[in-house]
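Chains as they are written, first to last, in this note's numbering: chain Y, 13 to 412; chain D, 996 to 1121. All C-beta atoms in this analysis are idealised placements derived from N, C-alpha and C, irrespective of residue type, glycine included. Computed from a prediction, not measured in an experiment: that's the story for all the values here. Worksheet: one structure, shown below.
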């Protein structure tokens, strides 16, 4: 189907159709991101002191990504202007740079920024246990400093860093009992099946018969899967070890290179496993909480230190990686930057399409250069919008 | 770019642009400097945003307001120059006014929380 007015303006609107179309689309996009930004405002205003984290993101990396997007906005306009001046090779160059910029942005996000978050451990301490961890939190120091010099440093409720070890006990009989129960249930169901099949009133019990068969099938499946819940198989699967503690024979120390917060959560759910404490390499703020340098987030991001910290499980309200479920902050951070990232991906794909020597791309230049210029103008408008959203995202998540 | 008389033209054939396109060369050359200039301004403004976030303006909310002002100026330049809103037709401006109206209304809705505050938050549920 030929779309009319792709090049010349439509008489009644005075605009070429694609341009009006993209602007109406962008208007709806403003509402979409507007909704998410108002969710951000709502969550942030509603957060209790200490529960809206600051300084967890890498500012130089975020600033670099901002610069990359701004640069690509310039090169997209230059690509469009090159087409207007009928310079195909200049167009290819500027468009190529724009595509590379978009790709770098995504790579930094997906291969560097996000994976780091998923390995970072954070534990919110129960309110009545906060005082016990004064050495990591420095809340007395903060109170004193706020009273003395009128600063407004927020109290701290979370201890974070790199998870090294988990102290735990393991009672294998819990799983053994579950397996025994399942075997008993299976036997009972099989007996009933035999009875039903032997009776002459099968029709009467047709519904029960199918129920029993279903129960046998499900119990068998469960029994096949249960061995995976053995501590040993879990440790093997995730390349972890659990050695008895030198000081306390009952205690096991689970550790390994792959002991991420997410794996720890799964480990804790195994039948018979009971966590007693986390051992971590503390983040700088918890390693040295009374250092005035920790009062405010740093420009240069400093990862977890080697200084060990120990948190007892019973004092932890909630622990997780820096994943969406960690806090309202990370939930709305991943939602907005994820949706923004999808927009970057879409923009890159469309720009590649217009850059390739195909009918919809540079081949169009010979046939109808103005139509190609209009296409590039439209993807350019989309791309500038994506840049514009990031101009707000960067300060609200990285800086404030 | 936009031709003020375009609306009075009959639906033209695909080739009409060829005639005018070459006359526009100078026009776009002139703009190249402007685009680069705005790009440079945006980069500097980004650095300014980062710098200002480490300056203590007395309260966190003041820092937020200042950062949002800088961001709004940046966005204004992106819209006016890169997206050609400066000198754009009314047909485009009109829906954008509606958008601005509704998105501001949406933000105002969040202020209603003062009348229905959140009693307990987030971390109580685990």
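C-alpha distance - residue i paired with residue j, whole-angstrom precision
i, j, result
"residue 407 of chain Y", "residue 309 of chain Y", "13 Å"
"residue 141 of chain Y", "residue 329 of chain Y", "10 Å"
"residue 217 of chain Y", "residue 184 of chain Y", "40 Å"
"residue 392 of chain Y", "residue 83 of chain Y", "13 Å"
"residue 369 of chain Y", "residue 1067 of chain D", "38 Å"
"residue 100 of chain Y", "residue 386 of chain Y", "14 Å"
"residue 1074 of chain D", "residue 22 of chain Y", "23 Å"
"residue 166 of chain Y", "residue 143 of chain Y", "15 Å"
"residue 244 of chain Y", "residue 173 of chain Y", "27 Å"
"residue 236 of chain Y", "residue 281 of chain Y", "18 Å"
"residue 98 of chain Y", "residue 104 of chain Y", "11 Å"
"residue 1049 of chain D", "residue 71 of chain Y", "11 Å"
"residue 1072 of chain D", "residue 353 of chain Y", "23 Å"
"residue 42 of chain Y", "residue 1098 of chain D", "7 Å"
"residue 226 of chain Y", "residue 186 of chain Y", "26 Å"
"residue 1121 of chain D", "residue 63 of chain Y", "Bear in mind that the predicted position of residue 1121 of chain D carries a pLDDT of just 46, short of 50, making it unreliable; the figure below should be weighed with that in mind. If you take the alpha carbons of residue 1121 of chain D and residue 63 of chain Y, they lie about 14 Å apart."
"residue 1017 of chain D", "residue 94 of chain Y", "Only weak support exists for where residue 1017 of chain D lies, its pLDDT of 48 falling under 50; the value from the coordinates is given anyway. If you take the alpha carbons of residue 1017 of chain D and residue 94 of chain Y, they lie about 12 Å apart."
"residue 45 of chain Y", "residue 1031 of chain D", "28 Å"
"residue 263 of chain Y", "residue 192 of chain Y", "26 Å"
"residue 259 of chain Y", "residue 253 of chain Y", "17 Å"
"residue 1091 of chain D", "residue 1081 of chain D", "13 Å"
"residue 1065 of chain D", "residue 1111 of chain D", "31 Å"
"residue 382 of chain Y", "residue 1045 of chain D", "40 Å"
"residue 1037 of chain D", "residue 251 of chain Y", "48 Å"
"residue 53 of chain Y", "residue 400 of chain Y", "18 Å"
"residue 283 of chain Y", "residue 231 of chain Y", "18 Å"
"residue 256 of chain Y", "residue 240 of chain Y", "22 Å"
"residue 102 of chain Y", "residue 365 of chain Y", "17 Å"
"residue 112 of chain Y", "residue 119 of chain Y", "10 Å"
"residue 373 of chain Y", "residue 379 of chain Y", "11 Å"
"residue 1079 of chain D", "residue 36 of chain Y", "15 Å"
"residue 114 of chain Y", "residue 277 of chain Y", "35 Å"
"residue 1053 of chain D", "residue 371 of chain Y", "58 Å"
"residue 210 of chain Y", "residue 200 of chain Y", "16 Å"
"residue 358 of chain Y", "residue 60 of chain Y", "37 Å"
Rounded Cβ spacing between residue i and residue j (contact assumed at less than 8 Å)
i, j, result
"residue 171 of chain Y", "residue 321 of chain Y", "6 Å"
"residue 388 of chain Y", "residue 92 of chain Y", "5 Å"
"residue 342 of chain Y", "residue 132 of chain Y", "Rounded, the Cβ-Cβ distance is 10 Å, inconsistent with contact."
"residue 134 of chain Y", "residue 338 of chain Y", "6 Å"
"residue 1062 of chain D", "residue 1047 of chain D", "6 Å"
"residue 1102 of chain D", "residue 1033 of chain D", "In fact, because the Cβ distance is near 27 Å, the residues do not count as touching under 8 Å."
"residue 117 of chain Y", "residue 81 of chain Y", "6 Å"
"residue 274 of chain Y", "residue 377 of chain Y", "In fact, because the Cβ distance is near 50 Å, the residues do not count as touching under 8 Å."
"residue 302 of chain Y", "residue 153 of chain Y", "4 Å"
Cβ-Cβ distance between residue i and residue j below 9 Å
i, j, result
"residue 74 of chain Y", "residue 331 of chain Y", "no"
"residue 208 of chain Y", "residue 221 of chain Y", "yes"
"residue 78 of chain Y", "residue 403 of chain Y", "yes"
"residue 176 of chain Y", "residue 279 of chain Y", "no"
"residue 348 of chain Y", "residue 67 of chain Y", "no"
"residue 10 of chain Y", "residue 319 of chain Y", "Past the edges of chain Y, shown from 13 to 412, lies residue 10 of chain Y, and the structure says nothing about it."
"residue 1086 of chain D", "residue 27 of chain Y", "yes"
"residue 290 of chain Y", "residue 323 of chain Y", "yes"
"residue 16 of chain Y", "residue 390 of chain Y", "no"
"residue 398 of chain Y", "residue 356 of chain Y", "yes"
"residue 396 of chain Y", "residue 19 of chain Y", "no"
"residue 317 of chain Y", "residue 351 of chain Y", "no"
"residue 1069 of chain D", "residue 1040 of chain D", "yes"
"residue 150 of chain Y", "residue 168 of chain Y", "yes"
"residue 180 of chain Y", "residue 249 of chain Y", "no"
"residue 55 of chain Y", "residue 1058 of chain D", "no"
"residue 1027 of chain D", "residue 90 of chain Y", "yes"
"residue 178 of chain Y", "residue 242 of chain Y", "no"
"residue 50 of chain Y", "residue 1105 of chain D", "yes"
"residue 47 of chain Y", "residue 1108 of chain D", "no"
"residue 194 of chain Y", "residue 234 of chain Y", "yes"
"residue 247 of chain Y", "residue 190 of chain Y", "no"
Residue i, buried or exposed, once every other Cβ within 10 Å from all chains shown has been counted against 16
i, result
"residue 326 of chain Y", "exposed"
"residue 163 of chain Y", "exposed"
"residue 161 of chain Y", "exposed"
"residue 4 of chain Y", "Here chain Y has residues from 13 to 412 only, and residue 4 of chain Y is not among them."
"residue 33 of chain Y", "exposed"
"residue 224 of chain Y", "buried"
"residue 304 of chain Y", "exposed"
"residue 340 of chain Y", "buried"
"residue 106 of chain Y", "buried"
Exercise for the section: Within the region 106–172 of chain Y, note down every full alpha helix (DSSP H) run reaching 4 residues or more, in order along the chain. Expected result: 126–131, 146–149 and 151–161
Practice task
Tell me the start and end of each unbroken alpha helix (DSSP H) in the region 191–248 of chain Y that is at least 4 residues and wholly inside, in chain order.
Solution key: Taking only runs of at least 4 residues, the alpha helix (DSSP H) segments lying wholly in the region 191–248 of chain Y are 218–237.
Practice task
At 4 residues or longer, and completely inside the region 279–333 of chain Y: list those alpha helix (DSSP H) runs for me, N to C.
Solution key: 296–299
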